[in-house]
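Same order as they appear, the protein sequences are chains L and P. Numbering of the first sequence is given in our numbering, commencing with residue 80 and proceeding in unit increments. Numbering of the second sequence is given in our numbering, commencing with residue 80 and proceeding in unit increments. Even for Gly, the Cβ is constructed at its ideal location relative to N, Cα and C.
Protein chains: 2
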Amino acid sequence: MANIRDVAQRASVSVATVSRTLQHPDRVAAKSREKVMNAIAELGYKPNLMAVKFRSGKTQNLVVLVPAVSNVFFARVISGMQEAAAEHGYAILLANTTGNEDIEQQYAKMVSTSQADGLIQLRANNPLDKSLSNEFGLLPMVNACEVMQDTAFPVVTLDNRAAANAMTTHLLELGHRHIAMIKGPQSSPLTLERLAGYRDALHQAGLSVDESLLFPGDFTLSSGFDAAQHILSCSPRPTAVFCENDETAMGAMHAFKVNGLRVPDDISVAGFDDIAFAQYCDPPLTTISQPAEEFGRTAVTLLLDVLAGRIRKAPRVIMPFELIARASTGPAPQ
Amino acid sequence: MANIRDVAQRASVSVATVSRTLQHPDRVAAKSREKVMNAIAELGYKPNLMAVKFRSGKTQNLVVLVPAVSNVFFARVISGMQEAAAEHGYAILLANTTGNEDIEQQYAKMVSTSQADGLIQLRANNPLDKSLSNEFGLLPMVNACEVMQDTAFPVVTLDNRAAANAMTTHLLELGHRHIAMIKGPQSSPLTLERLAGYRDALHQAGLSVDESLLFPGDFTLSSGFDAAQHILSCSPRPTAVFCENDETAMGAMHAFKVNGLRVPDDISVAGFDDIAFAQYCDPPLTTISQPAEEFGRTAVTLLLDVLAGRIRKAPRVIMPFELIARASTGPAPQ
DNA sequence: CGAATAAATGTTAACGGTTACATCAAAATA
DNA sequence: TATTTTGATGTAACCGTTAACATTTATTCG
Numbered sequence: 080m081a082n083i084r085d086v087a088q089r090a091s092v093s094v095a096t097v098s099r100t101l102q103h104p105d106r107v108a109a110k111s112r113e114k115v116m117n118a119i120a121e122l123g124y125k126p127n128l129m130a131v132k133f134r135s136g137k138t139q140n141l142v143v144l145v146p147a148v149s150n151v152f153f154a155r156v157i158s159g160m161q162e163a164a165a166e167h168g169y170a171i172l173l174a175n176t177t178g179n180e181d182i183e184q185q186y187a188k189m190v191s192t193s194q195a196d197g198l199i200q201l202r203a204n205n206p207l208d209k210s211l212s213n214e215f216g217l218l219p220m221v222n223a224c225e226v227m228q229d230t231a232f233p234v235v236t237l238d239n240r241a242a243a244n245a246m247t248t249h250l251l252e253l254g255h256r257h258i259a260m261i262k263g264p265q266s267s268p269l270t271l272e273r274l275a276g277y278r279d280a281l282h283q284a285g286l287s288v289d290e291s292l293l294f295p296g297d298f299t300l301s302s303g304f305d306a307a308q309h310i311l312s313c314s315p316r317p318t319a320v321f322c323e324n325d326e327t328a329m330g331a332m333h334a335f336k337v338n339g340l341r342v343p344d345d346i347s348v349a350g351f352d353d354i355a356f357a358q359y360c361d362p363p364l365t366t367i368s369q370p371a372e373e374f375g376r377t378a379v380t381l382l383l384d385v386l387a388g389r390i391r392k393a394p395r396v397i398m399p400f401e402l403i404a405r406a407s408t409g410p411a412p413q
Numbered sequence: 080m081a082n083i084r085d086v087a088q089r090a091s092v093s094v095a096t097v098s099r100t101l102q103h104p105d106r107v108a109a110k111s112r113e114k115v116m117n118a119i120a121e122l123g124y125k126p127n128l129m130a131v132k133f134r135s136g137k138t139q140n141l142v143v144l145v146p147a148v149s150n151v152f153f154a155r156v157i158s159g160m161q162e163a164a165a166e167h168g169y170a171i172l173l174a175n176t177t178g179n180e181d182i183e184q185q186y187a188k189m190v191s192t193s194q195a196d197g198l199i200q201l202r203a204n205n206p207l208d209k210s211l212s213n214e215f216g217l218l219p220m221v222n223a224c225e226v227m228q229d230t231a232f233p234v235v236t237l238d239n240r241a242a243a244n245a246m247t248t249h250l251l252e253l254g255h256r257h258i259a260m261i262k263g264p265q266s267s268p269l270t271l272e273r274l275a276g277y278r279d280a281l282h283q284a285g286l287s288v289d290e291s292l293l294f295p296g297d298f299t300l301s302s303g304f305d306a307a308q309h310i311l312s313c314s315p316r317p318t319a320v321f322c323e324n325d326e327t328a329m330g331a332m333h334a335f336k337v338n339g340l341r342v343p344d345d346i347s348v349a350g351f352d353d354i355a356f357a358q359y360c361d362p363p364l365t366t367i368s369q370p371a372e373e374f375g376r377t378a379v380t381l382l383l384d385v386l387a388g389r390i391r392k393a394p395r396v397i398m399p400f401e402l403i404a405r406a407s408t409g410p411a412p413q
């Protein structure tokens with residue numbers, strides 16, 4: 080590959096003039112500029128950006144840790160990030176962590192090893208966060224979607240508690256009194272928040288929480304399917320199920336139908352996220368809509384603010400949610 | 080940030096010894112090694128990998144161009160890539176191109192500007208391919224999933240024509256004679272291949288192709304929904320629809336149900352890809368299963384072979400497919 | 001014990017850009 | 001014309017690491 084010295088030689092100028100032609104064209108005479116441009120074209124010269132980044136200490140890369148790129152909601156968030164990053168000349172290095180801490184660490188290290196300028200985490204992860212602080216303070220990181228309660232990092236999130244409360248209240252208003260819940264991954268703060276919202280709503284309605292109606296799940300279709308099987312054997316059988324995401328809800332809905340129940344006549348099902356499939360399943364899913372792409376855009380913007388030193392105190396950006404009532408929820412059966 | 084010279088000074092050795100301690104520990108005396116390791120720990124030294132990569136000319140990065148990360152099939156392919164790449168110490172730089180050629184070019188340039196070692200394209204794209212050849216030959220690139228017919232690049236693909244033939248034959252065997260098809264994006268070779276397979280099957284059965292039964296689509300749920308509306312107004316109405324991917328099929332199925340048709344009693348629907356949702360929708364979708372993760376793994380392996388110069392002639396790896404018959408297809412109504 | 005050999009360590013030049021500073025020529029001013 | 005100012009260009013140091021080569025130190029053997 081031709082380098083800047085080859086170009087300089089061919090154009091009979093110094094390397095500085097070549098560099099200036101590319102960086103500050105106005106600081107070089109028109110005829111030198113032309114000679115340089117010709118030489119560049121003739122040699123097919125492309126600056127080695129690795130060298131530029133090394134020299135400048137800025138990589139223009141952002142690492143994004145995603146628990147599962149196959150999660151449709153995350154996929155939308157990533158799209159938003161990619162857009163916002165591209166607008167500012169940054170590239171996204173995507174890490175599909177699958178919850179694996181080794182992978183998380185491997186990619187998180189890209190920041191401390193100067194391969195990336197900053198980090199966005201789509202999942203609250205305490206151990207990782209701890210190891211990311213050093214004597215100079217915290218690494219440039221933003222925590223999005225699923226966030227930690229007390230973190231020094233900027234955060235962009237949803238009021239999951241309020242959203243879960245709204246959905247549970249929706250079910251209560253439809254007359255449901257036995258509302259099961261299929262939770263998200265154990266350790267996740269997001270799960271706890273949504274669970275808290277569910278409890279809040281029941282308490283506000285003067286009802287107590289039946290702990291036996293809380294079922295474990297992990298955001299996958301199959302975990303929703305499995306949890307639903309357990310729900311079917313409850314007695315009395317719940318008349319509604321609130322799932323912590325849409326995949327789980329669709330898995331559960333399928334299990335109910337396989338077992339001969341009608342949704343929502345026999346049992347109502349509600350989800351969370353409003354993925355594209357939610358409005359195309361049968362029946363269309365009542366769910367909470369989140370501005371996924373906007374989440375991504377905001378997270379990137381926030382991180383760039385951090386990198387530019389434009390932020391003094393870590394902000395918490397709360398994105399709006401909307402309850403989308405579709406056909407999967409209906410009045411409680413008599 | 081502490082650099083290698085700081086460590087050398089602190090350990091009272093030369094930079095070479097520090098470097099050797101990290102690269103070839105066996106070539107340095109045990110007691111020096113210990114001094115160095117202590118100094119590294121005390122200073123919290125982390126090698127600047129940007130410098131390493133610049134020096135070595137190897138970035139250990141692979142760029143992957145994906146039309147849409149939100150496509151569930153692609154998400155699985157990406158997972159496979161990430162795994163295989165990580166095993167070999169490579170990172171994936173993911174580009175969500177959304178079919179935008181500027182974005183494709185931007186990311187593809189990362190190879191020629193030494194920011195990445197190689198490129199994987201999940202979509203056949205002739206214009207891009209053309210610009211990727213230079214006087215030294217072709218860029219290190221692998222074309223996966225959707226591939227060009229006559230390309231000099233290694234390719235990992237499916238026999239889409241045979242798979243579409245198999246699915247169409249399946250529908251023919253169920254007695255269907257009016258089989259509509261919802262196609263993929265216009266320009267895509269994959270669309271043409273699957274269409275060819277559909278034609279083959281009809282011809283083999285001694286039937287002619289009714290061009291009015293071919294409907295445009297773009298792999299999204301909504302395009303399937305829209306196409307289905309048109310299918311409903313055909314007369315006679317087709318008794319089966321073969322969709323070029325599962326999202327399209329699910330969108331179409333939803334449209335049929337909204338319009339009071341029963342699947343498969345009134346109309347059969349078949350998809351392609353076997354995404355997770357396919358077995359959890361109602362009715363579960365008959366589709367073609369592709370080893371998505373294996374696609375990703377293979378593409379990465381192939382690219383690493385290219386980079387290592389282990390490949391003489393561009394191979395075409397054909398992955399196996401399987402027809403998964405579920406409940407969305409049934410005998411043709413009388 | 002001294003020479004030959006092996007092992008450990010040090011010195012330094014790359015890698016490909018950017019940019020502060022030096023230099024030089026031309027234009028402007030006295 | 002001599003002097004200053006301005007603009008264009010060149011020289012070389014620097015970013016952090018690696019590794020070829022030089023040098024020193026330890027070990028083996030005659």
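### Task
State yes or no: is the beta carbon of residue 214 (chain P) nearer than 8 Å to at least one beta carbon in chain L?
Counting from 1 along the second sequence, the entry for residue 214 (chain P) is found at position 135. At residue 214 (chain P), the pLDDT of 40 sits below 50, so the modelled position is not reliable and the matter cannot be decided from this model.
### Task
Kindly list, in the order they appear in chain L, the residues whose Cβ is closer than 7 Å to that of residue 155 (chain P).
Along the second sequence, one-based indexing puts residue 155 (chain P) at 76. Per Cβ cutoff of 7 Å: 149.
### Task
Starting from the beta carbon of residue 333 (chain L), find every residue of chain P whose beta carbon is closer than 9 Å, and list them in chain order.
Position 254 of the first sequence, counting from 1, holds the residue named residue 333 (chain L). In chain order: 358, 359, 360, 361 and 363.
### Task
Determine the contact status of residue 306 (chain P) and residue 152 (chain P), defining contact as a CB-CB distance below 8 Å.
By 1-based counting over the second sequence, the position of residue 306 (chain P) is 227. By 1-based counting over the second sequence, the position of residue 152 (chain P) is 73. Their beta carbons are not under 8 Å apart, which means residue 306 (chain P) does not touch residue 152 (chain P) by this criterion.
### Message
So residue 171 (chain L) contacts chain P; which residues on that side make the cut at Cβ distance below 9 Å?
### Response
Position 92 of the first sequence, counted from the first residue, corresponds to residue 171 (chain L). What residue 171 (chain L) touches in chain P: 172, 173, 174 and 175.
### Query
What span of residues does the beta strand (DSSP E) with residue 366 (chain L) cover, start to end?
As a working mapping, residue 366 (chain L) is identified with position 287 in the first sequence. 366 to 368 is the extent of the beta strand (DSSP E) around residue 366 (chain L).
### Task
Taking residue 374 (chain P) and residue 159 (chain P) to be in contact with their CB atoms under 8 Å, please state how far apart those CB atoms are, rounded to whole angstroms.
In the second sequence, the residue the question calls residue 374 (chain P) occupies position 295. In the second sequence, the residue the question calls residue 159 (chain P) occupies position 80. Indeed they touch by this definition, with Cβ atoms about 6 Å apart.
### Query
Taking 8 Å as the CB-CB cut-off, is residue 220 (chain L) touching chain P?
Working through the first sequence from its first residue, we reach residue 220 (chain L) at position 141. It does not: the Cβ of residue 220 (chain L) has no partner Cβ on chain P nearer than 8 Å.
### Task
Pair every Cβ in the segment 230 to 239 of chain P with every Cβ in the segment 256 to 264 of chain P, then say whether three or more of these pairs are closer than 8 Å.
no
### Query
Got a sec, what are the start and stop residues for the alpha helix (DSSP H) residue 135 (chain L) sits in?
Within the first sequence, residue 135 (chain L) is the residue found at index 56, counting from 1. Looking at the DSSP string, the run of the alpha helix (DSSP H) that includes residue 135 (chain L) is 128 to 135.
### Query
Comparing the C-beta of residue 227 (chain L) with each C-beta of chain P, is any distance below 8 Å?
For the purposes of this step, residue 227 (chain L) is taken as residue 148 along the first sequence, with counting starting at 1. No, residue 227 (chain L) does not count as interfacial toward chain P.
#### Entry: Limits of the alpha helix (DSSP H) - the one that residue 99 (chain P) falls within
Here the question's residue 99 (chain P) lines up with position 20 in the second sequence. Residue 99 (chain P) -> alpha helix (DSSP H) spans 94 to 102.
### Message
Short of 8 Å in beta carbon distance, which residues of its chain neighbour residue 304 (chain P), apart from the five on each side in sequence? Order them along the chain.
### Response
For the purposes of this step, residue 304 (chain P) is taken as residue 225 along the second sequence, with counting starting at 1. So the list reads 330, 331, 333 and 334, once near-sequence residues are dropped.
### Query
Does the distance from the CB of residue 327 (chain P) to the CB of residue 261 (chain P) come in under 8 Å?
Residue mapping note: residue 327 (chain P) aligns to position 248 of the second sequence, counting from 1. Residue mapping note: residue 261 (chain P) aligns to position 182 of the second sequence, counting from 1. Yes, the Cβ-Cβ distance between residue 327 (chain P) and residue 261 (chain P) is below 8 Å.
### Query
CA-CA distance, residue 274 (chain P) and residue 343 (chain L)?
In the second sequence, residue 274 (chain P) corresponds to position 195, counting from 1. In the first sequence, residue 343 (chain L) corresponds to position 264, counting from 1. Roughly 39 Å between the two C-alpha positions.
### Query
Excluding the five sequence neighbours on either side, which residues of its own chain have a C-beta within less than 8 Å of the C-beta of residue 213 (chain L), listed in chain order?
By 1-based counting over the first sequence, the position of residue 213 (chain L) is 134. Note that residue 213 (chain L) scores a pLDDT of 45, beneath 50, so its modelled location is shaky; the value from the coordinates is reported in the next line. So the list reads 191, once near-sequence residues are dropped.
### Message
Can you tell me whether residue 166 (chain L) is helix, strand or coil according to DSSP?
### Response
What you label residue 166 (chain L) is simply residue 87 of the first sequence in a count that begins at 1. Three-state DSSP puts residue 166 (chain L) in a helix.
### Query
Whose C-alpha, out of P:172, P:163 and P:271, is nearest the C-alpha of residue 294 (chain P)?
Counting from one through the second sequence, the residue named residue 294 (chain P) turns up at place 215. Of P:172, P:163 and P:271, the residue nearest in Cα terms is P:271.
### Query
DSSP on residue 243 (chain L), reduced to helix/strand/coil?
What you label residue 243 (chain L) is simply residue 164 of the first sequence in a count that begins at 1. Helix at residue 243 (chain L).
#### Entry: Own chain residues within Cβ distance below 6 Å of residue 407 (chain L), not counting five before or after
Translated into positions along the first sequence, residue 407 (chain L) becomes position 328. Hits under 6 Å: 342, 343, 348, 362, 364 and 365.
### Query
Looking at the C-beta of residue 336 (chain P), does it have a partner C-beta in chain L at a distance below 8 Å?
Against the second sequence, residue 336 (chain P) aligns to sequence position 257. Output row for residue 336 (chain P): interface = yes.
### Query
How about residue 130 (chain L) and residue 133 (chain P): do their beta carbons lie closer than 8 Å?
Working through the first sequence from its first residue, we reach residue 130 (chain L) at position 51. Working through the second sequence from its first residue, we reach residue 133 (chain P) at position 54. Yes, these two residues count as a Cβ contact at 8 Å.
### Task
Let me know if residue 290 (chain P) comes out buried or exposed under the rule of 16 or more other beta-carbons within 10 Å of its beta-carbon.
Taking the first residue of the second sequence as position 1, residue 290 (chain P) is located at position 211. Per the 10 Å Cβ criterion, exposed.
### Task
Quick one: give me the first and last residue of the alpha helix (DSSP H) that residue 327 (chain L) is part of.
Against the first sequence, residue 327 (chain L) aligns to sequence position 248. Unbroken alpha helix (DSSP H) run through residue 327 (chain L): 325 to 337.
### Query
Which residues in chain L sit within 8 Å of residue 422 (chain P), going by Cβ to Cβ distance?
Nothing can be reported for residue 422 (chain P), as the shown portion of chain P is limited to 80 through 413.
### Query
Can you give the Cα-Cα distance for residue 314 (chain P) and residue 147 (chain P), rounded to whole angstroms?
The count along the second sequence starts at 1 and reaches residue 314 (chain P) at position 235. The count along the second sequence starts at 1 and reaches residue 147 (chain P) at position 68. Roughly 35 Å separates the two Cα atoms.
### Partner residues on chain L for residue 330 (chain P), Cβ-Cβ distance less than 8 Å
What you label residue 330 (chain P) is simply residue 251 of the second sequence in a count that begins at 1. Those within 8 Å of residue 330 (chain P) in chain L are 359.
### Task
Give the range of the alpha helix (DSSP H) segment to which residue 225 (chain P) is assigned.
In the second sequence, counting from the first residue as 1, residue 225 (chain P) sits at position 146. Element bounds for residue 225 (chain P): n/a, residue is neither H nor E.
### Limits of the unbroken alpha helix (DSSP H) element including residue 180 (chain L)
Within the first sequence, residue 180 (chain L) is the residue found at index 101, counting from 1. Taken as a continuous stretch (DSSP letters only), the alpha helix (DSSP H) holding residue 180 (chain L) covers 180 to 191.
### Beta-bridge partners of residue 398 (chain L), as assigned by DSSP
The residue given as residue 398 (chain L) occupies position 319 in the first sequence. Residue 398 (chain L) pairs with L:237.
### Query
From this set, P:405, P:269, P:280 and P:268, which residue's C-alpha is nearest residue 353 (chain P)'s C-alpha?
Looking up residue 353 (chain P) in the second sequence gives position 274. That would be P:405, whose Cα lies nearest to the Cα of residue 353 (chain P).
### Query
What residues in its chain sit with their C-beta under 7 Å from that of residue 176 (chain L), if we drop five residues either side in the sequence?
In the first sequence, the residue the question calls residue 176 (chain L) occupies position 97. Around residue 176 (chain L): 144, 145, 146, 182 and 183.
### Message
I believe residue 201 (chain P) touches residue 156 (chain P) by the beta-carbon criterion, under 8 Å. Please report the beta-carbon distance rounded to the nearest angstrom.
### Response
For the purposes of this step, residue 201 (chain P) is taken as the residue at position 122 of the second sequence. For the purposes of this step, residue 156 (chain P) is taken as the residue at position 77 of the second sequence. With 8 Å as the limit, residue 201 (chain P) and residue 156 (chain P) qualify as a contact, their Cβ atoms being about 7 Å apart.
### Cross-chain neighbours of residue 247 (chain L) in chain P, by beta carbon under 8 Å
Within the first sequence, the letter at position 168 stands for residue 247 (chain L). What residue 247 (chain L) touches in chain P: nothing, since even the nearest Cβ is about 24 Å away.
### Task
Classify residue 376 (chain L) as buried or exposed, calling it buried when 16 or more other Cβ atoms lie within 10 Å of its own Cβ.
Translated into positions along the first sequence, residue 376 (chain L) becomes position 297. When all chains shown are included, residue 376 (chain L) counts as buried.
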